[in-house]
Amino acid sequence: MQKLATFIRGDLVYDGSLVSDATLQERFQSSIDPEVVASPPLLGPKGIPQFRKLDFTRDPRLAGVQNPTLVLWGTEDKVNRPSGARSLQRRMPNCDVHLFSKTGHWVQWERADEFNAMVVAFLAEDSADALDFRRV
Numbered sequence: 590m591q592k593l594a595t596f597i598r599g600d601l602v603y604d605g606s607l608v609s610d611a612t613l614q615e616r617f618q619s620s621i622d623p624e625v626v627a628s629p630p631l632l633g634p635k636g637i638p639q640f641r642k643l644d645f646t647r648d649p650r651l652a653g654v655q656n657p658t659l660v661l662w663g664t665e666d667k668v669n670r671p672s673g674a675r676s677l678q679r680r681m682p683n684c685d686v687h688l689f690s691k692t693g694h695w696v697q698w699e700r701a702d703e704f705n706a707m708v709v710a711f712l713a714e715d716s717a718d719a720l721d722f723r724r725v
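Here the sequence shown stands for residues 590 to 725, where the numbers follow this note's numbering.
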């Protein structure tokens, strides 16, 4: 539990003091769920070649993504550097990026209200565009 607390408070969020013990306990319980243990999420890469394959910001297929894309990123993200957001924007023709200041990897948790408002607005705009397209 201490290792998880150190990781979440030290690496995933900008201000670790805001992560309650209850949140840590919830995350820990989720991590030991039998279904999660049986099929763990992405594991860290072994070696530089595997790490490069894991870097989704370099994927050449990104240029082919024509759909509007919203990327929300924390300026203090220690897991994925903020430069990754700009990298995605350079590679994707319809990519909007918003960087949240004083925010780490957990943008959706640290800045939940702003995150949710931006996602709802983005999806509503995309839905309106889809409806307009169908009328043509």
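Quick reminder that beta carbons are idealized off the backbone N, C-alpha and C, glycines included.
Counting along the chain, residue 685 sits inside the beta strand (DSSP E) bounded by residues 684-689. Looking at the DSSP output, residue 658 bridges to 684. Cβ neighbours of residue 600 within its own chain (closer than 8 Å, five residues either side excluded): 667, 668, 693 and 694.
Take the alpha-carbon of residue 678 and the one of residue 684: they are about 5 Å apart. Straight through space, the alpha carbons of residue 594 and residue 659 are spaced by roughly 30 Å.
If only uninterrupted beta strand (DSSP E) runs of at least 3 residues are considered, none is enclosed by the segment 595-625.
Taking the Cα positions, residue 656 is about 9 Å away from residue 681.
Secondary-structure assignment with DSSP links residue 663 through a beta bridge to 689.
For residue 705, the three-state secondary structure derived from DSSP is helix. If you ignore the 5 residues before and after residue 700, its C-beta comes within less than 6 Å of the C-beta of 689 and 692, all in its own chain and listed in chain order. The Cβ atoms of residue 686 and residue 662 sit closer than 8 Å to each other.
Under the DSSP assignment, residue 698 falls in the alpha helix (DSSP H) whose first and last residues are 696-699.
By the 16-neighbour rule on beta-carbons within 10 angstroms, residue 597 is buried. Here residue 670 carries a coil assignment [DSSP, helix/strand/coil].
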